[in-house]
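Everything in the sequence shown is counted per UniProt numbering, starting at 1 for the first residue and increasing by one.
Virtual Cβ for every residue (Gly too), placed ideally from N, Cα, C.
A short worksheet on the structure shown next.
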Amino acid sequence: MTAVLPPGTPTVQGNHLISTSPATGDEAGRVPVAAAVDVERAVERARAAGQWWAGLGYTERRERLLRWRRLLAQRMEELAGLMHAEGGKPVADALVEIVTAVEHVDWAARNARRVLGPRRVRSRLVLAEFSAHLEYQPHGVVGVIGPWNYPVFTPIGSIAYALAAGNAVVFKPSEYTPVVGQWLVDSFAEVVPEHPVLTAVHGLGDVGAALCRAGVDKLAFTGSTATAKKVMAACAESLTPVLLEAGGKDAMIVDSDADLDAAAEACVWGAMTNAGQTCIGIERAYAVEPVFDAFVDKVVERAGRLTVGPRDADIGPITMPSQLDVIRRHIEDAVARGGRAVLGGPEAVRPPYAHPTVLVEVPEQAAAVREETFGPTLTINRVRTADEALARANALPYGLGGSVFGQRRAVAIARRLRSGMASVNSTLTFAGMSTLPFGGVGESGFGRIHGEDGLREFARAKAVTRRRGRSLLPSTTFERTPADVARLVKAVKLLYGR
Ligand code: NDP
Numbered sequence: 001m002t003a004v005l006p007p008g009t010p011t012v013q014g015n016h017l018i019s020t021s022p023a024t025g026d027e028a029g030r031v032p033v034a035a036a037v038d039v040e041r042a043v044e045r046a047r048a049a050g051q052w053w054a055g056l057g058y059t060e061r062r063e064r065l066l067r068w069r070r071l072l073a074q075r076m077e078e079l080a081g082l083m084h085a086e087g088g089k090p091v092a093d094a095l096v097e098i099v100t101a102v103e104h105v106d107w108a109a110r111n112a113r114r115v116l117g118p119r120r121v122r123s124r125l126v127l128a129e130f131s132a133h134l135e136y137q138p139h140g141v142v143g144v145i146g147p148w149n150y151p152v153f154t155p156i157g158s159i160a161y162a163l164a165a166g167n168a169v170v171f172k173p174s175e176y177t178p179v180v181g182q183w184l185v186d187s188f189a190e191v192v193p194e195h196p197v198l199t200a201v202h203g204l205g206d207v208g209a210a211l212c213r214a215g216v217d218k219l220a221f222t223g224s225t226a227t228a229k230k231v232m233a234a235c236a237e238s239l240t241p242v243l244l245e246a247g248g249k250d251a252m253i254v255d256s257d258a259d260l261d262a263a264a265e266a267c268v269w270g271a272m273t274n275a276g277q278t279c280i281g282i283e284r285a286y287a288v289e290p291v292f293d294a295f296v297d298k299v300v301e302r303a304g305r306l307t308v309g310p311r312d313a314d315i316g317p318i319t320m321p322s323q324l325d326v327i328r329r330h331i332e333d334a335v336a337r338g339g340r341a342v343l344g345g346p347e348a349v350r351p352p353y354a355h356p357t358v359l360v361e362v363p364e365q366a367a368a369v370r371e372e373t374f375g376p377t378l379t380i381n382r383v384r385t386a387d388e389a390l391a392r393a394n395a396l397p398y399g400l401g402g403s404v405f406g407q408r409r410a411v412a413i414a415r416r417l418r419s420g421m422a423s424v425n426s427t428l429t430f431a432g433m434s435t436l437p438f439g440g441v442g443e444s445g446f447g448r449i450h451g452e453d454g455l456r457e458f459a460r461a462k463a464v465t466r467r468r469g470r471s472l473l474p475s476t477t478f479e480r481t482p483a484d485v486a487r488l489v490k491a492v493k494l495l496y497g498r
C-alpha cells in the first residue's frame, strides 16, 4: 500500500520532479531531475557562458538585465499565477513579491558599474610614488540555492546581483517551487538567448549538495539554518566561499510612545503575511507594560479579521505540509507552559491551513519564542521597559531583522537590536529597499545580498598598484642603502610617532 501524500508534496516520477499545489494537490508543472553529473556539466557550461557574459562589460549587461526587468514587469500576472498555483501564495502577495524583485533587478543593473567598476584610489605618503587602482571582478560561476517561501524575491536577491557583477549563475530552486524557478530561468533566456548565463538544476536536497561540490566559485544559499551548516561544510571541502541567508525569529518592540494602531497593523502584516512563512517575519512581539493590553487587543481584532483559504484570501495554505506539525507543536507547547491563546490555538491548525494564532505571556523558554515557527502565529509578551524588550529580543542565537514602534527612542532601540536589519514604525520594509544590504548575524547566517554590499558579495576585490615615479624613500629593494632605511624610519617617526 502506498501512503497518500498531502497535497503540495513534491514527488519524483522517473526523471521528473512533479510539483503540486498545497491547497488542491493539482499539478503545477514538472521539471527534469538532475544527476550529480548533470550538475557538473551545468557548471562547466556556465563557466564558458560566464566568460562571454563578463566580456560584455557593464553597459551591455545593464541593457540586458533591464530587458529582463521589463519582461518580469510585463508578465507579472502570469508569474504570480504560477506562484499561486505552485506554492499556494495569495496572488496579491505574489504580485508584491515580484514588484520587490523587479526593483532589485533594476537597481543591481543600474549600479553595478558605479559600485564595482575600476577606479583610482588615493595613495598615501608612504608609497606616494605609486598610484592605486581598485575594481571588483566576477567570481565566475555562482551557485544559488533557494527556498520555497519567496521563490522569486529570494533567489533574485542573489541572482540579479551576481549577474550584474558579471557572473554566470546555476540556480537550484527548492523542490517545492521548481516550476517558478524554471520560469525565471526561461524568462532570462528570452532576453539573453546566446549562452546559458542563468540555468537551473532541479531535484531534492542531494542536488543542492551536488551543486556545492560541482566547482562553483561561490555558493549563495538561502534556507534553514540546519541546511546552511551542511552547505558550509560541503563548500569547505573545496574552500568555496559561501553566502548564507538562514532562518530567523524576528522580534517587534512596542515602546510606550508608539502609535498603537500603526504598530498593530504592521505587526499583523509582519507576522501573518505569506501565512507567516517569512524569514524576516515577526514571530515575537514585546510591548511595554502601559501599552501592552491595548496593543494585544488591537492585534487580535485585526488578526481575527484575516481570511484563510485557497484563493482571494489573506492567508493561503502552508506550502510545506510537514511545517503544519511544527506550527501545532509550538502552539501546544506554549499553552502547556502557561501561555494564553487569545486568538486561535492548537485547533487553528487545519491542514492545509493554519489560521491566525496570537499567544500572550508565553514563557521565554517555549519553542514558540525560541524556534522558527514559520506559520501565522505570534507571541506577545509584556515587558517593563524597552531595555528589557531588547534583552529578550537579543537573547536568541538568530539575528536577522526586527522592528521597533515608538518615537523618541525608536531608532536608538533599532540600532541596539542584534540583527542585520531593522524597520522603525514599519515591518519588513528593509527587504524592498534595494539600496540597503540584507542579511543576518549569528545563526541567521552571514554575508549580504542587496545594495552595494550585495553587489560586492558577488565579486572579488582586485587591487593594482602602478609605479608613477622614483621612490623617495626606497625600502622594498635590495638596492636600498642604510641611509635610505634611516630616512624612512625618521619619516615614519615624524608622521606617526607623535
Ligand atoms: P531548506 O534549508 O530546507 O532548503 C533550502 C534549499 O536547500 C532547498 O533548495 C533545498 O533543496 C536545499 N537543500 C536541502 N538539503 C541540502 C543540502 N544538504 N545541501 C545543499 N542544499 C540542500 O529551507 P526551506 O526551503 O525550508 O526554506 C525555509 C527557510 O529559509 C527558513 O528557515 C527561512 O527562514 C529561510 N529563509 C531565509 C531567508 C534569508 O534571506 N535569510 C529568506 C527566505 C527564507 P530541497 O528543497 O530540494 O530539499
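Out of GLY440, GLY497, ARG47 and GLY25, which has the shortest C-alpha to C-alpha gap to LEU244? GLY440
Could you check if ILE156 belongs to the surroundings of the ligand NDP, using beta carbon to heavy atom distance under 8 angstroms? no
Between which residues of its own chain and ARG370 is the CB-CB distance below 8 angstroms, once the five residues before and five after are set aside? LYS249, GLU364 and LEU396
Whether or not the region 37-55 and the region 187-206 are in contact is what I'm after, with contact meaning three or more pairs of Cβ atoms, one per stretch, closer than 8 angstroms; do they touch? yes
Using beta-carbon positions only, say whether ILE145 and ALA220 come within less than 9 angstroms of one another. yes
Less than 9 angstroms separating the beta-carbons of SER19 and VAL37? no
Three-state secondary structure (DSSP) of LEU417: Residue state, collapsed to three classes: coil.
Would you tell me roughly how many angstroms separate the C-alpha atoms of ARG124 and ARG409, rounded to the nearest one? 41 angstroms
State yes or no: is the C-beta of GLY439 nearer than 8 angstroms to some heavy atom of the ligand NDP? yes
If you drop the 5 nearest sequence neighbours on each side, which residues of the same chain put their C-beta closer than 6 angstroms to that of ALA101? VAL152, PHE153 and ILE156
Opposing strand residues paired with GLN137 [DSSP bridges]: ARG460
Which full runs of the beta strand (DSSP E) of 3+ residues lie inside the region 267-347, going along the chain? 282-288 and 340-343
What does the alpha-carbon distance come out to for the pair MET252 and TRP269? Their backbone Cα atoms lie some 12 angstroms apart in a straight line.
Delimiting residues of the alpha helix (DSSP H) encompassing ARG120: From DSSP, ARG120 is part of no alpha helix (DSSP H) but of the beta strand (DSSP E) over 119-121.
Inspect the beta-carbon positions of ASN394 and ALA263 and report whether they are closer than 9 angstroms. no
Is it true that the CB of TYR161 sits closer than 9 angstroms to the CB of ALA92? no
Closer than 8 angstroms: is that where the CB of VAL464 sits relative to any heavy atom of the ligand NDP? No heavy atom of the ligand NDP is found nearer than 8 angstroms to the CB of VAL464.
ALA491 versus ALA461 - alpha carbon distance: 31 angstroms
Just verifying my parser: in three-state terms, what is the DSSP assignment at LYS230? helix
How long is the line joining the alpha carbons of HIS84 and ALA28, rounded to whole angstroms? 9 angstroms
Within the present structure, is the beta-carbon of PHE374 separated from the nearest heavy atom of the ligand NDP by less than 8 angstroms? yes
Using a Cβ-Cβ cutoff of less than 7 angstroms, which residues in the same chain neighbour VAL207 once the five nearest sequence positions on both sides are dropped? ALA34, VAL39, LYS172 and VAL201
On the premise that LEU5 lies in contact with LEU65, defined as a C-beta separation below 8 angstroms, what is that separation, rounded to the nearest angstrom? In fact, because the Cβ distance is near 39 angstroms, the residues do not count as touching under 8 angstroms.
Below 8 angstroms, is the gap between the Cβ of VAL180 and the nearest heavy atom of the ligand NDP? no
Between ILE380 and ALA285, which are expected to be in contact by the criterion C-beta below 8 angstroms, what is the C-beta distance as a whole number of angstroms? 4 angstroms
Report the residue ranges of all alpha helix (DSSP H) runs contained in full by the UniProt region "Disordered" (1-26); include only those spanning at least 4 residues, in chain order. You should have found no qualifying run.
Buried versus exposed call for LEU116 [16 or more other C-beta atoms within 10 Å across all chains shown]: buried
Are the beta-carbon atoms of ARG122 and ARG62 separated by less than 9 angstroms? no
Out of VAL485, GLY469, GLU301 and ARG468, point me to the one whose CA is closest to SER475's CA. VAL485
In this structure, how does DSSP classify VAL126 when only helix, strand and coil are distinguished? coil
Any chance the CB of PRO482 is under 8 angstroms from a heavy atom of the ligand NDP? no
To the nearest angstrom, how far is it from the Cα of VAL442 to the Cα of GLU479? Note that residue 442 is Gly in the sequence shown here, rather than Val. One C-alpha to the other measures close to 50 angstroms.
Please classify GLY181: is it buried, with 16 or more other beta-carbons within 10 angstroms of its beta-carbon, or exposed? buried
Coarse secondary structure for ASN111, derived from DSSP in three states: helix
Among CYS212, ASP217 and VAL216, which has the Cα closest to the Cα of MET232? CYS212
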